[in-house]
Amino acid sequence: MKKILVANRGEIALRIMRTAQKMGIKTVAVYSDADRESPHVRFADEAVHLGNSPSSESYLDMDKIVNAALHTKAEAIHPGYGFLSENAAFAQLVTKNGISFIGPKPHAIEVMGDKLAAKEAVKGYNIPMVPGIEEAITDIVLAKKISQKIGFPVLIKASAGGGGKGMRVVRHLSELAEQMERAISEAKAAFGNGSVFLEKYIESPRHIEIQVLADTHGNILHLFERECSIQRRHQKVVEEAPSAILTPEIRTAMGEAAVKVAKACDYVGAGTVEFLLDRENNFYFLEMNTRLQVEHPVTELITGIDLVEQQIKIARNEKLAFTQEDLSIKGHALEVRVYAEDPMNNFLPSIGTLEIYKRPSGEGIRLDDGFEEGMAIPMYYDPMLAKLITYGKDREEAIQLMIRAISKFKIKGISTTLPFGKFVCEHEAFTSGNFDTHFVKNYFTPELLNEQYGQERKIAALVGLKLFLEHKEKLKLPDYKISNWSLKRSKK
Ligand code: ADP
């Protein structure tokens, strides 16, 4: 494999290209109008313009991407995450054109892309599942019966759902019919597939996922867990590895279950098996993501394994060069996703230009990003700007490093989730490890964030005043009256 086309943009395109370059592989970038000046385009050895800015005319246009690969003679396509990464038809089209798809086989993508099909596939493997039904439901009488059997609260989920969308919690029987109707029509509109099912709503769960790697020779390993419970709108914002609460026994049990899920769909490549963990430490299979995950760097830091390198090696039919016993957890890693969103305003997207963009750096800090100062944030794509990742010898060190890194990360021109990241890192619930997926609902308000920052601003102002009073005599303040000296100079 001498040349890879990266069918993505932003931080993940750059991150993949860096590993390819390290492996001596040439890279091809693709880009839309809005991304003409993007760093990933400049970094690549070659770049192909796809078309207009909307995703449907660029990063989601399968034919254009395959043609770009054929034209540049790229032997493989890495889809990154999002866009076409979990599109079985794309994987198929790529392979049909004699190009290798860096990811699993279309069958695995298809099965795991549908929550119901995924449940069905893992049925015979003794994987703990959230109590619920295994098929789509439209009959309200039946839905009522099943909900009563499962016990309220129940969760209505869209089978084709993703990105935290298409979920509705129902706490009382009386709300069920109306919520079902809404969920079905929402699922139809959002995913083109109106099938919904019912699941027990787990109160106060933690979202814990297991990274797996599977080669084409039948070897499947797990690379431990990532804790992703800090979410807004069911979407992750802060992740860490390892989890603050897993015992070695639960870790092993979850790891083994994840390997079985991968086996159930003949998985090949890097994948993630997501679980919910309840208050009694029971874990339940949620879904499998058949691609590289946004939060993969925390696993790379604690295992010392470059996951993109492994993906490429697997695509080259190489055997995994290590066994489960060779793997161990070293240190602790934390990631804060830097979204162009306003935490003061319900995490709504914040549009604008990066007037100031100063990166933090130093030992234990990794920044995966794809933007530069002066760039406008296009409104067409996911609003994630960067991932700020810290690595320390233990959790406490990683958290402290994160707090410092956030304060050194200067972004002006748009609002970001950085202040929220700091809020999380300083919150007792997080530092003690005693939190769940409802962290935002339970502990976060814009007022508290404001208070925290108001307090910081007050302290900064007081320190400034104190220094001024102490050094007033020594300070030579600019004299705004025109001095004789400057008059003399100007006469020269
Ligand atoms: P998506 O594919 O949209 O990301 P997931 O099934 O992965 O959906 O769930 C996303 C998040 O929704 C989880 O991390 C969790 O916070 C919440 N969630 C999903 N299923 C349940 C459930 N049965 N009980 C409680 N929370 C759930």
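In this note's numbering, the protein residues as written are 10 to 501. Note that CB positions come from ideal geometry on N, CA and C, so glycine has one too. This one's a predicted model, so the numbers in the text were calculated from it and none came from an experiment.
| Item | Value |
| --- | --- |
| E46 to A77 span [Cα, whole Å] | 19 angstroms |
| Buried versus exposed call for T147 [16 or more other C-beta atoms within 10 Å across all chains shown] | exposed |
| Those residues which DSSP pairs with D351 across a bridge | L357 |
| Alpha carbon of S204 to alpha carbon of A145, nearest angstrom | 5 angstroms |
| Contact test: T281 Cβ vs the ligand ADP heavy atom, cutoff 7 angstroms | no |
| Three-state secondary structure assigned by DSSP to T281 | strand |
| Candidates T81, M71, E84 and H80: closest to E95 by CA position | M71 |
| Alpha carbon of E20 to alpha carbon of A395, nearest angstrom | 7 angstroms |
| Distance between beta carbons of A223 and G278, contact taken as under 8 angstroms | 6 angstroms |
| Beta-carbon proximity list for A253, same chain, < 8 angstroms, skipping 5 on both sides | E236, R404 and G442 |
| Option nearest L207 by Cα separation, candidates T440, H226, L125 and P392 | L125 |
| Element boundaries [beta strand (DSSP E), containing T274] | Looking at the sequence provided, one finds Cys at residue 274 rather than Thr. Where C274 is concerned, there is no enclosing beta strand (DSSP E), given that its DSSP letter is neither H nor E. |
| heavy atom of the ligand ADP below 7 angstroms from I211 C-beta | yes |
| For V179, the residue or residues it bridges with in DSSP | V163 |
| Beta-carbon spacing of G379, A85 below 8 angstroms | no |
| Sequence-distant residues of the same chain with beta carbon closer than 6 angstroms to L232, five excluded per side | Q220, T308 and T312 |
| 8 angstroms Cβ cutoff met for V139 and K209 | yes |
| Minimum C-alpha distance to A38 - residue among N61, P88, G373 and K31 | P88 |
| Where the alpha helix (DSSP H) through A77 begins and ends | M71 to T81 |
| Cβ neighbour criterion (16 or more within 10 Å) applied to Y366 | buried |
| First through last residue of the beta strand (DSSP E) which encompasses I13 | K12 to V15 |
| K158 CB to nearest heavy atom of the ligand ADP below 7 angstroms | no |
| Proximity to I136 [Cα-Cα], best of L427, A16, E296 and I321 | E296 |
| T362 - partner residues in DSSP beta bridges | A385 |
| DSSP beta-bridge partners of E55 | V37 |
| Same chain, Cβ closer than 6 angstroms to H447, neighbours up to 5 away in sequence not counted | none |
| CA nearest to the CA of T362, picked from V303, Q333, G422 and Q319 | G422 |
| Spatially closest choice to P358 from K328, G383, D377 and P392, by CA coordinates | P392 |
| Pick from A199, R180 and R346 that is closest to T426, judged by C-alpha positions | R346 |
| I420 and L343 closer than 8 angstroms at C-beta | no |
| Whole-Å CB distance - R177 paired with F356, under 8 angstroms assumed | No, R177 and F356 are not in contact; Cβ-Cβ is about 19 angstroms, not under 8 angstroms. |
| DSSP state of L295 mapped onto helix, strand, coil | strand |
| Span of the alpha helix (DSSP H), counted from its first residue to its last, around R375 | Unbroken run through R375 is the beta strand (DSSP E), I374 to D378; no alpha helix (DSSP H). |
| Three-state secondary structure (DSSP) of H447 | coil |
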